[in-house]
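Everything on this sheet refers to the single structure shown next.
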Amino acid sequence: MFVCTGNICRSPMAAALLRARLRDVAPEVEVASAGLLFDDRPAEPNAVRALRHRGLDLSEHVSRRLDRELVEGASLILGMERVHLRAVCELSPDLFPYAYTLPEFVYSAAVFGERPATTPLREWVERIGVARTPAALDLDDPLIEIADPMGGSRRTFRTCADELHELIDELVALVWPVHDSGDDVATATPGGIHADRDRR
Numbered sequence: 119m120f121v122c123t124g125n126i127c128r129s130p131m132a133a134a135l136l137r138a139r140l141r142d143v144a145p146e147v148e149v150a151s152a153g154l155l156f157d158d159r160p161a162e163p164n165a166v167r168a169l170r171h172r173g174l175d176l177s178e179h180v181s182r183r184l185d186r187e188l189v190e191g192a193s194l195i196l197g198m199e200r201v202h203l204r205a206v207c208e209l210s211p212d213l214f215p216y217a218y219t220l221p222e223f224v225y226s227a228a229v230f231g232e233r234p235a236t237t238p239l240r241e242w243v244e245r246i247g248v249a250r251t252p253a254a255l256d257l258d259d260p261l262i263e264i265a266d267p268m269g270g271s272r273r274t275f276r277t278c279a280d281e282l283h284e285l286i287d288e289l290v291a292l293v294w295p296v297h298d299s300g301d302d303v304a305t306a307t308p309g310g311i312h313a314d315r316d317r318r
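Our numbering applies: residue 119 is where the sequence shown begins, and numbers increase by one.
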């Protein structure tokens, strides 16, 4: 689950980029996005243009407002700024272990090490944040946030899309390493990304 302010720029771009990367790696995974402000808004035109430049179509996107139903059960919730994580945790404090900014999670996961094929995603995420406390939500560090391009030029949106693309590539390499043996079955949950071992 990706979360941003309006669900019309950053989070839908991130979700579209991740879906594209997972087509050949884990196509069963459901990738969702939401925002803090409103429902039923189209993607910002410059966001549509930025992804069209990468061969992706965001023109059919419709925003969704964040609510408990969307995030409950999600194995990983990736906000663009810490304010988005605080909103998630206000809905359900129990989700704190699974809520990070996208840059923060990629950095933390890279330090911890890529997910083994035998480890469910939710368990791996819990292990990464074992020493993390809710005080992390109040830290002021723009280096682990994605700046809002809203109101910016086409170049600003393209720069944002480039940053998201790089982070998504790193995320996929950590969560779904190419040497996975194939016995890790990705399953969709209403709240977002969830991967479990084949339970047959």
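Backbone N, C-alpha and C fix where the C-beta goes; we use that ideal spot for every residue, glycine too.
(request) Provide the residue span of the alpha helix (DSSP H) that contains Ile195, from first to last. (result) Where Ile195 is concerned, there is no enclosing alpha helix (DSSP H), although the beta strand (DSSP E) it sits in stretches over 195-197.
(request) Inspect the beta-carbon positions of Met119 and Ile195 and report whether they are closer than 8 Å. (result) yes
(message) Taking only three categories from DSSP, how would you classify Cys122?
(response) strand
(message) With a threshold of 8 Å on Cβ separation, who are the neighbours of Pro221 within its own chain once the five nearest residues in sequence on each side are excluded?
(response) Leu261, Ile262, Glu263, Ile264, Leu285
(message) Quick check: Trp294 and Val143, are their CB atoms within less than 8 Å of each other?
(response) yes
(request) Evaluate the contact criterion for the stretch 160-173 versus the stretch 230-242: three or more CB pairs, one atom per stretch, below 8 Å. (result) no
(request) List the DSSP bridge partners of Val180. (result) Pro160
(message) For Ser226 and Val121, I'd like the C-alpha separation in whole angstroms.
(response) 18 Å
(request) List the residues that DSSP assigns as beta-bridge partners of Ser151. (result) Phe120
(message) So the candidates are Val149, Ala291, Tyr218; which of them puts its Cα closest to the Cα of Val201?
(response) Tyr218
(request) Note down, in chain order, each residue of its chain lying with its Cβ closer than 6 Å to the Cβ of Ala168, except the 5 sequence neighbours on either side. (result) Phe275, Arg276, Ala279
(request) Could I get the ranges of all uninterrupted alpha helix (DSSP H) runs contained in the stretch 210-257, with 4 residues as the minimum, in chain order? (result) 220-230, 239-246
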